[in-house]
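Novice:
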Amino acid sequence: MAIERRYDVVIVGAGVAGSTAAYLLSKMGFSVALIDAKPNHRAGDKPCGDAIGKHHFEEVGIDPPRGEEMDGIVKGIMLYSPSEEVVLTIDGEGYEINRVRFTQRLIRDSIDSGADYYDETNASAPIIEGGFVRGVVAGRKGDKLVFRSNVVIDASGSARSIIRRLPQDWPIVDPIRPEDTQIAYREIRVLDEWIDKPEYIRIYVNLKIAPGGYWWNFPKSIVRTVNVGLGVQGGKGYEHPRVYLYKYILTRPEFRNSKLVESSGALVPTKRPPYTMVWNGIMVIGDAGYTVNPVHGGGKGSGMLSAKAAAIAYSKAAEAGDFSARGLWIMNKLYIDYYGAKQASLDIFRIFLQRLTDEDIEYGLRKRIMRESDLYETSVTGVIKNKRGIFDKLSRVIAGLGRPSLLSKLILAAEYMDRMKKLYEEYPETPEKLGEWIARLNSIYSSFEKALAT
Ligand SMILES: Cc1cc2nc3c(=O)[nH]c(=O)nc-3n(C[C@H](O)[C@H](O)[C@H](O)COP(=O)(O)OP(=O)(O)OC[C@H]3O[C@@H](n4cnc5c(N)ncnc54)[C@H](O)[C@@H]3O)c2cc1C
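Okay, so the sequence shown: first residue is 247 according to the numbering used here, each after it adds one.
(1) Could you check if K284 belongs to the surroundings of ligand 1, using beta carbon to heavy atom distance under 7 angstroms?
(2) Mind checking who T367 pairs with in its DSSP beta bridge?
(3) Does the Cβ-Cβ distance between M577 and A555 come in under 8 angstroms?
(4) Helix or strand or just coil, what does DSSP make of Y484?
(5) Just to confirm, are A327 and E608 a CB contact at a threshold of 8 angstroms?
(6) How would you call R498, buried or exposed, if buried means at least 16 neighbouring beta carbons within 10 angstroms?
(7) Rounded to the nearest angstrom, what separates I257 and L513 at their Cα positions?
(8) Give me the Cα-Cα distance between G388 and T700, rounded to the nearest whole angstrom.
(9) Buried or exposed for V538, going by 16 or more other Cβ atoms inside 10 Å?
(10) Among the candidates I409, E366, P310, I373, whose CA atom is the shortest distance from the CA of V392?
(11) What does the alpha-carbon distance come out to for the pair L352 and Y581?
(12) DSSP state of N688, grouped into three classes?
(13) Hey, is S467 close to ligand 1, as in C-beta under 7 angstroms from one of its heavy atoms?
(14) Got a sec: does ligand 1 put a non-hydrogen atom nearer than 7 angstroms to the Cβ of P293?
(15) Could you tell me whether any non-hydrogen atom of ligand 1 is closer than 7 angstroms to the CB of K454?
(16) Expressed to the nearest angstrom, what Euclidean distance is found between the alpha-carbon atoms of Y269 and E339?
(17) Here's the rule: buried if 16 or more other CB atoms are within 10 angstroms of the residue's CB, otherwise exposed. What is N463?
(18) Could you tell me the distance, in whole angstroms, from the CA atom of I644 to the CA atom of G544?
(19) Am I right that I418 and M523 are in contact with their C-beta atoms under 8 angstroms? What's the rounded C-beta distance?
(20) Please find out if some non-hydrogen atom of ligand 1 comes closer than 7 angstroms to the beta-carbon of I690.
(21) Assuming P311 contacts Y341 (C-beta within less than 8 angstroms), just tell me the rounded distance between them.
(22) Could you please give the first and the last residue of the uninterrupted beta strand (DSSP E) stretch that includes K321?
(23) Should the region 567-575 be regarded as contacting the region 585-602, the criterion being three or more beta carbon pairs within less than 8 angstroms?
(24) On a CA-only basis, which of N368, F276, K588 is nearest M663? Give me that one, please.
(25) Give me the Cα-Cα distance between G458 and Y253, rounded to the nearest whole angstrom.
(26) By DSSP, does L334 sit in helix, in strand, or in coil?
(27) Please report whether the beta-carbon of R665 lies at a distance below 8 angstroms from any beta-carbon of chain C.
(28) Grouping DSSP H, G and I as helix and E and B as strand, with all else coil, what is N286?
(29) Do I399 and ligand 1 come close, with the Cβ less than 7 angstroms from some heavy atom?
(30) When you measure from the CB of G261 to every non-hydrogen atom of ligand 1, does any distance come out below 7 angstroms?
(31) Give the secondary structure of A248 by DSSP, where H, G and I count as helix, E and B as strand, and everything else as coil.
(32) If distances are taken between C-alpha atoms only, which option among S395, G475, R380, I468 comes closest to Y450?
(33) May I ask which residues mark the beginning and end of the beta strand (DSSP E) holding S509?
(34) Flag this pair as yes or no: are the beta carbons of V278 and L611 separated by less than 8 angstroms?
(35) DSSP on Q414, reduced to helix/strand/coil?
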């Protein structure tokens with residue numbers, strides 16, 4: 247016999263996004279069920295580089311990690327060119343987070359605010375009635391559970407456990423192409439010898455080692471412990487990143503005699519947000535809602551921001567008693583404002599970057615085509631501000647320095663990034679206009695990809 251429960255909101259997935267949503271919604275006074283397939287002690291245990299910018303916590307309005315919730319303080323990023331002869335240092339405060347302890351704090355705070363947490367509970371299907379999602383069916387230790395709710399939030403990560411079981415013509419489904427993903431893998435290792443400046447995380451761009459992505463070495467403050475890993479672009483037939491890690495990275499002197507503590511990998515969606523993050527009775531957040539930064543692959547901060555957008559939108563829908571796509575629509579606007587417009591514009595930049603060769607990247611970093619401050623600005627805002635400087639360099643290059651096509655394509659990317667941001671500013675006010683907007687979006691992508699190919 248099935249056990250039936252009723253809540254305002256059922257959240258599938260207690261990762262950083264789902265737990266943030268559970269905390270914010272329960273604090274607002276809504277009844278919340280937070281369910282996860284993992285046992286309690288493994289909640290939040292998801293492969294990650296664990297780096298997160300400090301600003302995200304201020305933006306979401308959640309206390310930053312403290313004490314054992316963090317494994318280190320980050321003061322900036324050192325970005326290495328393919329030859330490693332050029333190193334750009336970009337300052338910026340952040341943390342190496344202890345993802346398990348931090349997520350478990352969010353879960354505890356949700357429970358303290360009244361949420362019910364169901365661990366070892368696997369959501370197997372949405373309940374769809376009259377064109378609305380009305381809940382989910384789940385299994386727990388042999389029992390069948392039926393959760394009924396006003397809204398289901400899919401926060402199940404790249405599994406997209408609920409979204410992918412919806413009718414395929416709902417625009418929230420918006421399936422991802424393999425080439426818009428990264429296959430990422432990382433190991434936690436204890437080094438034989440400690441490295442210089444452990445408060446700086448290292449990013450290495452080298453397409454032989456990490457095709458279509460990059461590899462990283464993020465030191466933790468637990469002495470001599472690092473998070474080392476890489477992402478490779480999906481859909482291109484590259485080998486699993488573990489192969490590259492063992493072939494090219496762990497054979498480097500700094501990893502000699504290092505000891506393995508932990509290893510795992512996962513798929514990361516690296517594209518623009520979905521056409522819509524809501525539909526009748528359903529919302530999507532975190533990796534399930536493609537909220538990852540397409541350029542650097544960080545998704546914890548933006549996942550929490552999407553949770554904040556979902557919580558505010560739910561409270562407005564509850565006030566109006568309207569949980570349809572129209573009633574929940576404000577979530578799209580909020581997320582676009584917090585992060586989505588920048589994310590879509592960075593998706594254009596990502597497509598541009600993935601067409602470059604190591605030689606192009608070496609040239610760009612050596613000639614400081616974009617300065618450290620510009621790179622930081624672009625990653626924070628999604629806009630290449632110093633276009634004038636790039637144009638000036640382009641004229642000098644055309645006059646004899648070399649690589650005009652690289653610079654003209656960078657300018658092309660900057661123009662399309664602006665167009666994309668503008669399109670997101672014009673996101674429709676209601677679901678009825680979505681089809682027309684999607685057509686404009688798809689036309690920007692196809693004309694950009696065509697222009698890049700010429
Ligand atoms: C190797 C690697 C390195 C990364 N490095 C960084 C980094 O340094 N910084 C950063 O910000 N981001 C990084 N990311 C991305 C980041 O880890 C994710 O964006 C983020 O953790 C996503 O959180 P989430 O809550 O959306 O999903 P998840 O953390 O994946 O949580 C989803 C949860 O849903 C549960 N679930 C799934 N299906 C069901 C179901 N049917 N029923 C019940 N429960 C279900 C899962 O058990 C899981 O707990 C990295 C990712 C990888 C793979």
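Cβ coordinates follow ideal geometry from the N, Cα and C atoms, glycine included.
Remember, predicted model here, so these are calculated numbers, not experimental data.
Specialist: To lay it out plainly:
(1) Within the sequence shown, the letter at position 38 stands for residue 284. Answer for K284: yes, Cβ within range of ligand 1.
(2) If you number the sequence shown from 1, residue 367 lands on position 121. Its beta-bridge partners are R386.
(3) To locate residue 577, count along the sequence shown from 1; it is residue 331. To locate residue 555, count along the sequence shown from 1; it is residue 309. Against a cut-off of 8 angstroms, the Cβ pair of A555 and M577 comes out as a contact.
(4) As a first step, residue 484 is located in the sequence shown; it is residue number 238 there, counting from the start. In this structure, Y484 counts as coil in the three-state DSSP scheme.
(5) For the purposes of this step, residue 327 is identified with residue 81 of the sequence shown, where counting begins at 1. For the purposes of this step, residue 608 is identified with residue 362 of the sequence shown, where counting begins at 1. Reading off the sequence, residue 327 comes out as Ser, not Ala. Cβ atoms of S327 and E608: closer than 8 angstroms.
(6) As a first step, residue 498 must be located in the sequence shown, where it is residue number 252. Exposed: under 16 other Cβ atoms inside 10 Å.
(7) If you number the sequence shown from 1, residue 257 lands on position 11. If you number the sequence shown from 1, residue 513 lands on position 267. For I257 and L513, the distance between alpha carbons rounds to 21 angstroms.
(8) In the sequence shown, counting from the first residue as 1, residue 388 sits at position 142. In the sequence shown, counting from the first residue as 1, residue 700 sits at position 454. Between G388 and T700, the C-alpha separation is close to 58 angstroms.
(9) If you number the sequence shown from 1, residue 538 lands on position 292. Around the beta carbon of V538, 16 or more other beta carbons lie within 10 angstroms, which makes this residue buried.
(10) Reading the sequence shown from its first residue, position 146 is the one you call residue 392. Comparing Cα positions, the closest option is I373.
(11) Residue numbering aside, residue 352 sits at position 106 when the sequence shown is read from its first letter. Residue numbering aside, residue 581 sits at position 335 when the sequence shown is read from its first letter. If you draw a straight line from the Cα of L352 to the Cα of Y581, it comes to about 21 angstroms.
(12) Here residue 688 corresponds to residue number 442 of the sequence shown, with the count starting at 1. It is helical.
(13) Counting from one through the sequence shown, the residue named residue 467 turns up at place 221. Checking the Cβ of S467 against ligand 1 gives no.
(14) Taking the first residue of the sequence shown as position 1, residue 293 is located at position 47. Yes, the beta carbon of P293 sits closer than 7 angstroms to at least one heavy atom of ligand 1.
(15) As a working mapping, residue 454 is identified with position 208 in the sequence shown. Outside the cutoff, so no.
(16) Residue mapping note: residue 269 aligns to position 23 of the sequence shown, counting from 1. Residue mapping note: residue 339 aligns to position 93 of the sequence shown, counting from 1. Y269 and E339: Cα-Cα distance of roughly 25 angstroms.
(17) Working through the sequence shown from its first residue, we reach residue 463 at position 217. With 16 or more other Cβ atoms within 10 Å, it is buried.
(18) Here residue 644 refers to the residue found at position 398 of the sequence shown. Here residue 544 refers to the residue found at position 298 of the sequence shown. Because I644 carries a pLDDT of 49, less than 50, the predicted location of this residue cannot be relied on, and no value is offered for it.
(19) Taking the sequence shown and counting its residues from 1, the one referred to as residue 418 is at position 172. Taking the sequence shown and counting its residues from 1, the one referred to as residue 523 is at position 277. Cβ-Cβ separation between I418 and M523: approximately 7 angstroms, consistent with a contact (criterion under 8 angstroms).
(20) In the sequence shown, the residue the question calls residue 690 occupies position 444. No, ligand 1 has no heavy atom inside 7 angstroms of this Cβ.
(21) Stepping through the sequence shown from its first residue, residue 311 is reached at position 65. Stepping through the sequence shown from its first residue, residue 341 is reached at position 95. So it is a contact: roughly 5 angstroms between Cβ atoms.
(22) Stepping through the sequence shown from its first residue, residue 321 is reached at position 75. 316-326 is the span of the beta strand (DSSP E), which, as asked, contains K321.
(23) Because the criterion of three Cβ pairs below 8 angstroms is not met, the region 567-575 and the region 585-602 do not touch.
(24) Within the sequence shown, numbered from 1, the residue matching residue 663 stands at position 417. Answer by Cα proximity: K588.
(25) Within the sequence shown, residue 458 is the residue found at index 212, counting from 1. Within the sequence shown, residue 253 is the residue found at index 7, counting from 1. C-alpha separation (whole angstroms): 43 angstroms.
(26) Taking the sequence shown and counting its residues from 1, one reaches residue 334 at position 88. Looking at L334 - three-state DSSP - the assignment turns out to be strand.
(27) Of the protein chains in this structure there is only one, and it is not chain C.
(28) Residue 286 sits at position 40 when you count from the first residue of the sequence shown. Of the three classes helix, strand and coil, the one that applies to N286 here is helix, per DSSP.
(29) Residue 399 sits at position 153 when you count from the first residue of the sequence shown. Outside the cutoff, so no.
(30) Here residue 261 refers to the residue found at position 15 of the sequence shown. Yes.
(31) Sequence index remark: in the sequence shown, residue 248 carries index 2 (1-based). DSSP places A248 in the coil class of the three-state scheme, outside both helix and strand.
(32) For the purposes of this step, residue 450 is taken as residue 204 along the sequence shown, with counting starting at 1. Ranking the options by Cα distance to Y450, first place goes to G475.
(33) The count along the sequence shown starts at 1 and reaches residue 509 at position 263. Per DSSP, S509 is one residue of the beta strand (DSSP E) stretching across 505-515.
(34) As a working note, residue 278 is residue 32 in the sequence shown. As a working note, residue 611 is residue 365 in the sequence shown. Not in contact: V278 and L611 (Cβ atoms no closer than 8 angstroms).
(35) In the sequence shown, residue 414 corresponds to position 168, counting from 1. Q414: coil per DSSP, three-state reduction.
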